[in-house]
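Shown next, in structure tokens, is the structure this report addresses.
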Ligand SMILES: NC(=O)c1ccc[n+]([C@@H]2O[C@H](COP(=O)([O-])OP(=O)(O)OC[C@H]3O[C@@H](n4cnc5c(N)ncnc54)[C@H](O)[C@@H]3O)[C@@H](O)[C@H]2O)c1
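Residue numbers (my numbering): 653 to 969.
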């Protein structure tokens with residue numbers, strides 16, 4: 653039975669990673685400051701983990717809890733493009749300084765590997781599709797800059813200090829527990845909860861922008877594969893996606909169909925810092941991590957709609 657730490661474990665992605673690890677009978681420590689996460693995300697498995705309320709900006713706290721950890725799954729961040737546009741300093745403090753603290757504490761405490769959340773936003777608006785990890789980064793927002801800087805630190809910590817790190821560039825993750833109430837809510841929970849409430853959801857821009865949406869179970873699988881990967885996988889970043897894209901307009905209509913709504917979407921202004929198209933080449937993750945996205949967009953949407961239908965009050969389970 654190994655000891656694992658999940659930063660940001662009360663958030664959407666982190667809570668699923670923590671639940672999966674707890675389900676495998678590992679010792680799991682969740683570190684989260686509850687700034688965007690919620691304790692109710694731990695409902696159903698909270699008795700099988702240790703919850704520490706604290707910030708990744710607190711290096712001493714990290715060092716206390718990283719002792720004897722096999723792997724740190726670093727998910728904590730201010731995970732929003734618009735939020736970073738409004739307050740770049742706050743995003744930098746958590747996403748860059750906080751991540752640097754995670755790497756430092758892991759290095760000093762002899763953690764075997766850090767698997768950290770990176771982001772497809774690093775690619776920016778390059779015209780070339782699909783995105784491959786060897787393409788140059790072109791961040792378009794402060795958020796994207798912070799996540800890309802994390803990757804640079806990840807590589808430095810592997811090459812310079814011998815700390816094995818693996819970065820997972822998530823592409824538009826969705827699924828149960830994603831916060832539909834947040835001011836910066838992601839599009840899938842927003843559309844689902846609006847349609848369920850009989851309210852017209854707003855599409856930013858013309859809806860022709862496209863994304864490679866990734867169901868949460870695929871992301872959990874990627875984290876577990878990364879933790880178990882051989883040393884050749886270290887110091888690199890990996891696209892974690894489905895390898896297929898849909899437009900926001902198509903997504904919206906599919907969610908409307910699944911909900912059984914007849915409400916029409918409305919259209920608002922485009923969001924600053926948003927990229928137009930996004931689609932991943934996932935061959936590197938397949939090859940070096942053994943990653944395979946088992947849950948398709950269609951199946952993931954069906955499960956997600958079912959979950960929000962059953963948990964309408966703020967997404968509680
Ligand atoms: N959801 C996506 O589509 C997506 C895409 C690309 C990358 N990511 C990355 O995945 C990770 C998880 O994102 P998410 O969607 O689950 O977001 P989330 O907001 O649900 O989870 C982030 C968690 O980190 C916690 N946190 C924030 N600041 C903290 C701090 N200073 N100390 C400790 N905990 C702190 C929050 O309270 C929250 O529980 C983030 O690193 C994000 O940048 C997410």
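All residues carry an ideal CB built from backbone N, CA and C; glycine is no exception.
- The beta-carbon distance between residue 748 and residue 798, rounded to whole angstroms, is 5 Å. This is short enough to meet the 8 Å contact definition.
- Judged by DSSP in its simplified three-state form, residue 775 adopts helix.
- Taken from the Cβ of residue 897, every heavy atom of ligand 1 lies 7 Å or farther away.
- The bridge partners DSSP lists for residue 783 are 932.
- Taking all protein chains in view, the Cβ of residue 788 is surrounded by fewer than 16 other Cβ atoms within 10 Å, so the residue is classified as exposed.
- Ligand 1 approaches residue 824 closely enough that one of its heavy atoms is under 7 Å from the residue's Cβ.
- When secondary structure is reduced to three states using DSSP, residue 915 falls in the coil class, being assigned neither helix nor strand.
- Counting only the Cα atoms, residue 918 lies some 46 Å from residue 809.
- The three-state reading of DSSP puts residue 684 in strand, counting E and B together.
- Look at residue 719 here: in three-state DSSP terms it is coil, with no helix or strand label.
- Just so you know, the alpha carbons of residue 778 and residue 823 end up roughly 15 Å apart.
- For secondary structure counted as the alpha helix (DSSP H) over 4 or more consecutive residues, the stretch 855–895 holds these complete runs in sequence order: 868–880.
- For the pair residue 819 and residue 803, the CB atoms are nearer than the 8 Å cut-off.
- Non-local C-beta neighbours of residue 949 in its own chain, meaning closer than 8 Å and more than five positions away in sequence, comprise 865, 867, 894, 896, 898, ordered along the chain.
- Ligand 1 approaches residue 664 closely enough that one of its heavy atoms is under 7 Å from the residue's Cβ.
- In this structure, 732 is the residue among 732, 938, 738 with its C-alpha nearest to the C-alpha of residue 825.
- Not one heavy atom of ligand 1 is found less than 7 Å from the C-beta of residue 927.
- Residue 727 has its CB nearer than 7 Å to a heavy atom of ligand 1.
- Between residue 843 and residue 907, the C-beta spacing is below 8 Å.
- Ligand 1 never approaches residue 869 closely enough for any of its heavy atoms to be under 7 Å from the residue's Cβ.
- Collapsing the DSSP output to three states places residue 820 in a strand.
- Here DSSP, grouped into helix, strand and coil, assigns residue 702 to strand.
- DSSP places residue 689 in the coil class of the three-state scheme, outside both helix and strand.
- Within a 10 Å sphere around the beta-carbon of residue 828 sit 16 or more other beta-carbons, which makes this residue buried.
- About 5 Å separates the CB atoms of residue 772 and residue 821; that is less than 8 Å, so the two are in contact.
- For residue 921, the closest alpha carbon among the candidates 857, 784, 726 is that of 857.
- Per DSSP, residue 655 is one residue of the beta strand (DSSP E) stretching across 655–659.
- In this structure residue 667 does not touch residue 686 by the C-beta definition: roughly 12 Å separates them, more than the 8 Å allowed.
- Under the DSSP definition of a beta bridge, residue 768 partners with 726, 819.
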